[in-house]
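Numbering (full-length UniProt numbering), first residue to last: 1 to 460. Notes to accompany the following structure.
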Amino acid sequence: MNLSYKERIARRLTAVTSLIILLVFGIIYAVVYLTVINAIDRDLKLETDKHRNQIFLVDGEIRFAHKDEWEEQEHTQLQINPIFIEIVDLEGKSMDRSPNLQNNHLSFYPDRAVSGEAWTLKTGSRELRQMQIPLINQGTKEGYMLVAKSFEDPRNTLTNLRNTLLVLYPLILISLFLTMRYHADHSIQPIRRIIQKANQITQSNLNERIPPTELNDEIGQLTDSINGLLSRLEQALLREKQFTSDASHELRTPLAVLRGTLEVLIRKPRTAEEYESKIQESLKSIDRMSAIINQLLALARTESGTSQVKEEVELITLCEDIADELTKQKERKVRFECEVSAPIFVQCNEKSLRMIIQNLLENAIKYSPKETDVILKIDKQEEGAVIQVIDQGEGISAENLSKIFDPFYRQKSAIESMIPGSGLGLAIVKKLVEEGGLKINVDSALGKGSIFSIIFPLRS
Ligand code: ADP
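See below:
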């Protein structure tokens with residue numbers, strides 16, 4: 001059954017409350033019943049004690065003393081709920097009885113005679129509460145005294161109470177269910193508004209937000225969470241759009257150069273040297289485009305979220321190897337410095353780590369003068385092993401430090417100096433560092449140089 005939230009809440013609360021009310025009603029009925037019974041039994045006991053000592057035995061017959069006074073009282077006083085008393089012999093034969101019994105008799109129940117406990121019995125249409133005690137004379141049981149009181153008035157009271165509770169029970173439950181349903185409906189009203197507004201927000205109006213509530217309750221927190229999610233989505237979408245437009249722009253430039261070169265080339269016949277130089281220019285544009293495409297692919301691979309397989313990597317050997325390789329490739333000295341003598345093992349993906357260090361070293365080479373050294377340094381600090389790429393180049397201004405990891409971002413100086421690059425290298429480094437659970441820090445001053453530090457977490 002697909003019930004609405006308010007219906008479920010109302011049903012559950014009503015079910016729980018119905019059990020509690022049932023218990024309370026049961027207790028009320030039981031307490032009233034026991035109080036009534038105790039009051040009657042107390043009266044019966046008092047009467048029994050009073051008449052027990054006013055009995056005498058003559059010629060084998062048991063009789064009440066002062067019966068005449070008793071009869072007198074019967075005539076002069078109006079008894080509303082009288083107590084009936086009768087004396088029987090051991091066989092249950094009536095010996096004497098209270099005047100108010102007139103020609104009636106109380107029934108003797110031999111099984112109950114000795115218990116002294118009262119019980120309720122039905123004789124015809126009447127209900128009585130009766131008690132029986134043995135009459136003992138000088139250690140010999142002579143007969144029994146039966147004491148009884150009508151149970152009709154208390155029975156009526158108890159029946160009325162029971163009927164009232166039985167009528168009240170469903171009435172209370174129905175009004176409780178309706179009240180709870182109303183309140184549940186009222187309390188989920190803000191959630192309905194959130195759902196309605198959230199359903200209206202699509203990609204075209206992602207800047208809209210759910211109106212915040214003034215209260216800092218769960219509804220307020222839900223609103224804030226959804227609005228936060230929408231903001232993150234909006235930012236991600238904007239970044240995505242920016243990325244796409246930057247990527248097309250970066251590819252369009254070399255394509256335009258290529259097209260221009262080829263158009264110039266076919267306009268008229270050229271010499272062999274002219275053809276060669278134009279083809280060289282075209283090849284450069286193609287190289288630039290493939291470099292951008294390769295970097296875009298590398299970035300896409302890191303963004304696909306496929307977690308890197310971690311392995312044990314020895315940092316000193318790896319860094320020495322990369323420094324040698326780049327020194328040979330770039331014809332620039334990459335100086336390797338290490339103050340730690342013992343091998344340093346870390347858990348990471350070797351291929352990714354190579355890519356990170358190579359990217360940082362290539363930048364250090366690109367953005368520093370030829371005559372200065374680029375340093376690859378390994379150190380062990382309190383926070384863990386650290387690899388540093390140090391250069392004495394142009395540096396990065398403080399305001400640009402937060403932007404250099406954005407895809408396609410390049411400092412103005414880099415563009416103006418025509419240093420080749422696409423602005424994707426550090427974006428790839430950042431993704432790889434995040435995916436590998438590492439940290440990256442940049443310390444740079446304009447005109448002095450930069451230090452990029454990769455920090456490996458301590459092994460637990
Ligand atoms: P690219 O080098 O292809 O331009 P990167 O993403 O690797 O792209 O770097 C982004 C920008 O950060 C560079 O254009 C450059 O302006 C700046 N940069 C990166 N490394 C250094 C460095 N070692 N010294 C100075 N500037 C740097």
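All C-beta atoms, glycine included, are put in the ideal place defined by N, C-alpha and C.
Residue i beta carbon near ligand 1 (any heavy atom closer than 7 angstroms)
i, result
"G423", "yes"
"G395", "yes"
"K366", "yes"
"Q411", "yes"
"D391", "yes"
"A414", "yes"
"L426", "yes"
"S290", "no"
"N359", "yes"
"N363", "yes"
"I387", "no"
"S450", "yes"
"I404", "yes"
Expected contact under 8 angstroms - CB spacing of residue i and residue j to nearest Å
i, j, result
"I194", "I172", "I194 to I172, Cβ: 34 angstroms. No contact."
"H105", "S94", "6 angstroms"
"K377", "Q388", "4 angstroms"
"V264", "L315", "In fact, because the Cβ distance is near 51 angstroms, the residues do not count as touching under 8 angstroms."
"E394", "S413", "6 angstroms"
"V386", "I454", "7 angstroms"
"F452", "G384", "Not quite, the Cβ-Cβ distance comes to about 16 angstroms (not below 8 angstroms), so this is no contact."
"S444", "I375", "At roughly 14 angstroms, the Cβ-Cβ gap does not stay under 8 angstroms, so S444 and I375 are not in contact."
"Y29", "L161", "6 angstroms"
"L165", "F25", "5 angstroms"
"C348", "F336", "Not a contact, Cβ separation roughly 19 angstroms."
"N143", "L90", "One point to set straight first is that residue 143 is Gly, not Asn, in the sequence displayed. At roughly 6 angstroms, the Cβ-Cβ gap stays under 8 angstroms, so G143 and L90 are in contact."
"G92", "P110", "7 angstroms"
"T17", "L176", "6 angstroms"
Residue i and residue j closer than 8 angstroms at C-beta
i, j, result
"V114", "E47", "no"
"N359", "V429", "yes"
"F405", "L424", "no"
"I247", "L297", "Contrary to the premise, residue 247 reads as Ala rather than Ile in this sequence. Not in contact: A247 and L297 (Cβ atoms no closer than 8 angstroms)."
"residue 477", "M145", "Residue 477 lies beyond the residue range present for the chain, which begins at 1 and ends at 460; the question has no answer from this structure."
"E339", "V313", "no"
"F64", "D96", "yes"
"K6", "D185", "yes"
"D41", "I83", "no"
"I356", "L432", "yes"
"residue 480", "L13", "Shown here, the chain extends from 1 to 460; a query on residue 480 therefore has no answer."
"D324", "A364", "no"
"G436", "S352", "yes"
"L222", "V36", "no"
"M289", "L326", "no"
For residue j and residue i, the rounded distance between their alpha carbons
i, j, result
"I85", "L168", "40 angstroms"
"P343", "E311", "15 angstroms"
"R112", "M131", "8 angstroms"
"T253", "T244", "14 angstroms"
"M301", "A427", "Residue 301 is actually Arg in this sequence, not Met. Approximately 12 angstroms between the Cα atoms of the pair."
"E72", "V32", "36 angstroms"
"A291", "E234", "30 angstroms"
"T261", "R410", "26 angstroms"
"S341", "K328", "25 angstroms"
"L238", "G228", "15 angstroms"
"Q54", "S150", "23 angstroms"
"N294", "S187", "56 angstroms"
"V257", "M418", "15 angstroms"
"R232", "T202", "14 angstroms"
"K122", "S107", "11 angstroms"
"P369", "L401", "20 angstroms"
"E362", "P211", "50 angstroms"
"A398", "V334", "26 angstroms"
"S125", "P154", "15 angstroms"
"K284", "A236", "34 angstroms"
"A272", "S282", "15 angstroms"
"K141", "I62", "12 angstroms"
"residue 467", "D373", "Because the chain is modelled from 1 through 460, residue 467 falls outside the range shown and cannot be assessed."
CB contact check: residue i to chain B, cutoff 8 angstroms
i, result
"L376", "Of the protein chains in this structure there is only one, and it is not chain B."
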